[in-house]
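Enquirer: Under our numbering, think of the first position of the sequence shown as 1, with each following residue one higher.
Positions of the beta carbon are idealized from the N, C-alpha and C atoms, including for glycine.
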Amino acid sequence: MTSAGVFGGLALALALTGLFAWLWPGGIAAHGKYQFVMWLLAPLWLAAMNAAFLFRNGRRAWLALGGASLAAFAGLSACRHFLA
Numbered sequence: 001m002t003s004a005g006v007f008g009g010l011a012l013a014l015a016l017t018g019l020f021a022w023l024w025p026g027g028i029a030a031h032g033k034y035q036f037v038m039w040l041l042a043p044l045w046l047a048a049m050n051a052a053f054l055f056r057n058g059r060r061a062w063l064a065l066g067g068a069s070l071a072a073f074a075g076l077s078a079c080r081h082f083l084a
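Below, the structure written as structure tokens:
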């Protein structure tokens, strides 16, 4: 479960911060957003690492965090494609 939280949680946090950067008002080029997005990564990663321990076993944690990461990266890819 720990490895799912560390690696799956990092992937999920990276994708969610990317989505935040693209979807927040002002778009990707808004002034001053880079610093906030950088500091947003750590709390999201910690939340995902803690959420990994809510599952019964490591396999379920990997499936949930991996699936959420894939969905978030698909959304990020769609944002980059349609909003660029």
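If I measure Cβ to Cβ from residue 79 and keep anything under 7 Å in the same chain, skipping five residues before and after, which residues do I get?
Expert: 19, 22, 23.
Enquirer: Which runs of the alpha helix (DSSP H) fall wholly inside the stretch 57-82 and span at least 4 residues, in chain order?
Expert: Fully enclosed alpha helix (DSSP H) runs of 4 or longer: not present.
Enquirer: Is the beta carbon of residue 48 closer than 8 Å to that of residue 13?
Expert: In contact: residue 13 and residue 48 (Cβ atoms closer than 8 Å).
Enquirer: If distances are taken between C-alpha atoms only, which option among 28, 38, 60 comes closest to residue 82?
Expert: Cα-wise, what sits closest to residue 82 is 28.
Enquirer: Tell me whether the beta-carbon of residue 8 lies closer than 8 Å to the beta-carbon of residue 62.
Expert: In this structure, residue 62 lies closer than 8 Å to residue 8 by Cβ.
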